Amino acid sequence: MSSVPSTSPRVFVARQPILDRTGRVFGYELLHRDPSAHAVRRAVSDDRATARILTDGVLAIGFDALTGGRRAVINVSRQFLLDGIPPGLPTSSVIFGIGADIEADAAVVAACEALRREGYGLALDSYLLVAANAEMLALATHLRIDFVDIPTQAERRRLVAGAPSHVELVATHVETPDRFQEAVAEGYHYFQGSFFGRPAIKEGRNVPAQQLAQLRLLRALNDPNLSVHQLAELIKPDPSMCYRLLRAINNLRFRTKKRGRYRVSA
2 MSSVPSTSPR VFVARQPILD RTGRVFGYEL LHRDPSAHAV RRAVSDDRAT
52 ARILTDGVLA IGFDALTGGR RAVINVSRQF LLDGIPPGLP TSSVIFGIGA
102 DIEADAAVVA ACEALRREGY GLALDSYLLV AANAEMLALA THLRIDFVDI
152 PTQAERRRLV AGAPSHVELV ATHVETPDRF QEAVAEGYHY FQGSFFGRPA
202 IKEGRNVPAQ QLAQLRLLRA LNDPNLSVHQ LAELIKPDPS MCYRLLRAIN
252 NLRFRTKKRG RYRVSA
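Mapping the sequence shown onto our numbering, position 223 (from 1) lands on 224, and the numbers just tick up by one.
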């Protein structure tokens, strides 16, 4: 199969490691990297940034290449939750981050329930640790505590005392050895911050595509009544989208074959 032409525009996604208590990489938080601004930022509350992580990261670079077979934390906006997460992501390997700007109303709770039924993880920011958000806390798999926003041990301990027992704690913005030792002593399961590594850029080459068309396709794929004819009409005007779809299918087939080999050899 021929490769993507070298003249294709480059795409960038950043990843920051999340470590466990033994120092091993548990997963990576995927971050949108804006090449024009030379900045790395979370995708929270920005549909376009989330879409770029999913299209550039998962399709152009490849999920396995981004994560090395580990978990991926992808921050999503309220609108992305309500519109439905595009299919094709490995459910057992993806944790969606729910940020402080998302109101945990009935619609958001329902969307999160659907994600948990599919097998995705949910990482909530610590602001949700209030009695009014009991439904969200029951759905959470991870709780993120920011060691910069909440710098004192007493305040952090008071917060996590209200966390359900099944939720695993993630210490974020751990910047110094002292903060890391505090987090370990306080019983955190996972750790993220510049002390362990700053976001690293992963680069790939992409076939140009219109962002609006990408979003339309991502959201249309969540329609259970979508027909093959409708899908063809969505991707037909854009050859690059056809290329991405074929690449995604090939990646899925490769992972399926690989899992099959493991079962045989077990």
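All C-beta atoms, glycine included, are put in the ideal place defined by N, C-alpha and C. Bear in mind the structure is a predicted one, so any value in this text is a computation, not a measurement.
Between the alpha carbons of residue i and residue j, how many angstroms are there, rounded?
i: residue 187; j: residue 225; result: 45 Å
i: residue 194; j: residue 200; result: 9 Å
i: residue 52; j: residue 218; result: 11 Å
i: residue 13; j: residue 185; result: 33 Å
i: residue 146; j: residue 168; result: 12 Å
i: residue 232; j: residue 87; result: 14 Å
i: residue 38; j: residue 16; result: Interpretation of residue 38 is limited by its pLDDT of 48, a score under 50 that renders its predicted location unreliable; no figure is taken from the coordinates.
i: residue 61; j: residue 159; result: 43 Å
i: residue 154; j: residue 183; result: 8 Å
i: residue 74; j: residue 248; result: 22 Å
i: residue 227; j: residue 235; result: 11 Å
i: residue 250; j: residue 229; result: 15 Å
i: residue 69; j: residue 162; result: 34 Å
i: residue 83; j: residue 30; result: 22 Å
i: residue 64; j: residue 237; result: 25 Å
i: residue 181; j: residue 20; result: 11 Å
Based on the DSSP output, what are the partners of residue i in its beta bridges?
i: residue 181; result: Note: residue 181 sits in no beta bridge, so no partner.
i: residue 97; result: 75 and 123
i: residue 173; result: 147
i: residue 26; result: 20
i: residue 204; result: 13
What are the start and end residues of the beta strand (DSSP E) that includes residue i?
i: residue 193; result: No beta strand (DSSP E) holds residue 193; DSSP gives it neither H nor E.
I'd like the span of the alpha helix (DSSP H) that includes residue i, first residue to last.
i: residue 144; result: It is not in any alpha helix (DSSP H) - residue 144 instead sits in the beta strand (DSSP E) that spans 143-147.
i: residue 111; result: 107-119
i: residue 138; result: 135-140
i: residue 159; result: 154-161
i: residue 236; result: 229-236
i: residue 65; result: 64-68
Query raised in the report: Do the segment 99-108 and the segment 163-183 touch if we need at least three Cβ pairs shorter than 8 Å?
Result: no
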